[in-house]
Structures are given as C-alpha cells and as structure tokens.
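Taken in sequence, the protein lines are chains A and B. Just so we're aligned: 169 in my numbering is position 33 of the first sequence, and the numbers increase by one with no gaps anywhere. Just so we're aligned: 300 in my numbering is position 73 of the second sequence, and the numbers increase by one with no gaps anywhere. Using N, Cα and C, we set each Cβ at its ideal position, and we do this for glycine too. What follows is a single structure, written as structure tokens, with notes after it.
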Amino acid sequence: EAGVAQSPRYKIIEKRQSVAFWCNPISGHATLYWYQQILGQGPKLLIQFQNNGVVDDSQLPKDRFSAERLKGVDSTLKIQPAKLEDSAVYLCASSSQGPNTEAFFGQGTRLTVV
Amino acid sequence: QKEVEQNSGPLSVPEGAIASLNCTYSDRGSQSFFWYRQYSGKSPELIMFIYSNGDKEDGRFTAQLNKASQYVSLLIRDSQPSDSATYLCAAHNTDKLIFGTGTRLQVFP
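In structure tokens, the structure reads:
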C-alpha cells in the first residue's frame, strides 16, 4: 500500500513570496490533516478535511494560508505571503473515518523562509 | 491551557530500564489517544493507541488510560538506545486529532 506522498521535500523562499505544498493521501482515506511543526515543538493542526469538506481550520492563519482538497483526494496548502515565522515542517497525514483510526504521515515539506 | 500537555524532557534512562512518559488532556470529549514516536528529522510513526480505561500492552510498550483523571501514559520496558526519540501524545475527538509538544527520551548505554 502506498503511503502519504508529499512534495516538495524542501523549499527555501524569501519572505513575502508565495509557496504551495501538495499532498496525496493513502487511497480511500477520507480524512486529511495538515500540520505545522516548528523545530522542537509538536505538530500543530492547521486544517482537517473530511472528504472535500473542512472539519476544522480554527488554527489556520487565514490571512495568509489557504488549503483545498478538490474531489476529496489530493490537497494543496498555500502560503501567501510567507513570513519568517512560517519556517517549519509541514506534515500531511491521512486516516480512515472514525476516532480509533491511525493517522499516517507523509515525509513532510521543510520550509525555510529567509 | 493547552489541549494536550506533555513534559518536554529530556527524560534520560539507562539501557534496560523502564521509561515512563506522561500526558494529560483537557477535552473530556476526547475518545481515543495515540502515542507516536518521532526520530529527529523524520515524520511521526504510530506506536500504539488506546481508547478504553486501563492498560494496553504491545510488546515492550504499555499504554495506560485514566479518563477520570484525563491522563494517558506510555511505559517502555527494557529501554534500548534505539528508543531514543521524541514521543508525541495525541488526543482524538470527533472533530480533530491534537498533539502535545512531545517528550524527548534519551536512553544511554
């Protein structure tokens, strides 16, 4: 079974530039999560999708971050414009529906904003 | 108050000892709890999950849940240097999966 795919693995951009991350979840997984993990901290939930609907985006800085999951499969997360404090690893995870199901993580995208 | 709290550590234990990792959560609606291990520079990977009060054992790992106290723990028996990593506790309710900040475990030979 293929895992969660993310791209790119690494990205370096200047502040005020825009960037987009892509995630392809495990086939059949209805739930998709985007997390931000700053060095030394735990993953912070940015947005959670159930199929192509948003379940929670309370921690998403909506003035600069946006995310979509068209057709309930692939998802993209965009930052525009980027700030220095956005430097982090962006993790995508997916799971089957239900609370007792494991979330599988992709390899993450390491973003450096300079 | 953070939704899921963990001591950041580091927790240092000698090889062969029992490592005890603790986690508290604030949302009583949380239904299940997960322990993930994260090696430096890698993504989190699941160790085990628990949703019923009491203990759940899997090999050298035992998860404990006390919903009345809103407390979850992970015991690692016969700790090995390869267990050195950050251990993330996560709580799941119907809406979202929330992680703590993680506890860094160091197992020294």
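If you follow the beta strand (DSSP E) that residue i is part of, which residue opens it and which one closes it?
i: residue 241 of chain B; result: 238 to 241
i: residue 189 of chain A; result: 189 to 192
i: residue 182 of chain B; result: Past the boundaries of the shown model lies residue 182 of chain B; chain B is included only from 228 to 336, so the question cannot be answered.
i: residue 140 of chain A; result: Segment: none, residue 140 of chain A is in no beta strand (DSSP E) and carries neither H nor E.
i: residue 279 of chain B; result: Here residue 279 of chain B belongs to no beta strand (DSSP E), and DSSP marks it neither H nor E.
i: residue 237 of chain A; result: Counting along the chain, residue 237 of chain A falls outside any beta strand (DSSP E), and DSSP gives it neither H nor E.
i: residue 181 of chain A; result: 180 to 186
Compute the distance between the beta-carbons of residue i and residue j, then report whether it is under 8 Å.
i: residue 237 of chain B; j: residue 333 of chain B; result: yes
i: residue 138 of chain A; j: residue 174 of chain A; result: no
i: residue 182 of chain A; j: residue 196 of chain A; result: yes
i: residue 154 of chain A; j: residue 233 of chain A; result: no
i: residue 219 of chain A; j: residue 147 of chain A; result: no
i: residue 176 of chain A; j: residue 315 of chain B; result: no
Please classify residue i as buried or exposed, where buried requires at least 16 neighbouring CB atoms within 10 angstroms.
i: residue 249 of chain A; result: buried
i: residue 271 of chain B; result: buried
i: residue 295 of chain B; result: exposed
i: residue 323 of chain B; result: buried
Give a yes or no on whether the minimum CB-CB distance between residue i and chain C is below 8 Å.
i: residue 242 of chain A; result: Among the chains of the structure shown, chain C does not appear; the protein chains present are A and B.
Contact set between the segment 165 to 179 of chain A and chain B, restricted to residues whose Cβ is under 7 Å from the partner: 169, 177, 178 and 179
Proximal residues, the segment 306 to 324 of chain B versus chain A, C-beta separation under 9 Å: 313, 315, 316, 317, 319, 320, 321, 322, 323 and 324
Those runs of the beta strand (DSSP E) which lie wholly inside the segment 301 to 336 of chain B and span at least 3 residues: 312 to 319, 324 to 326 and 330 to 335
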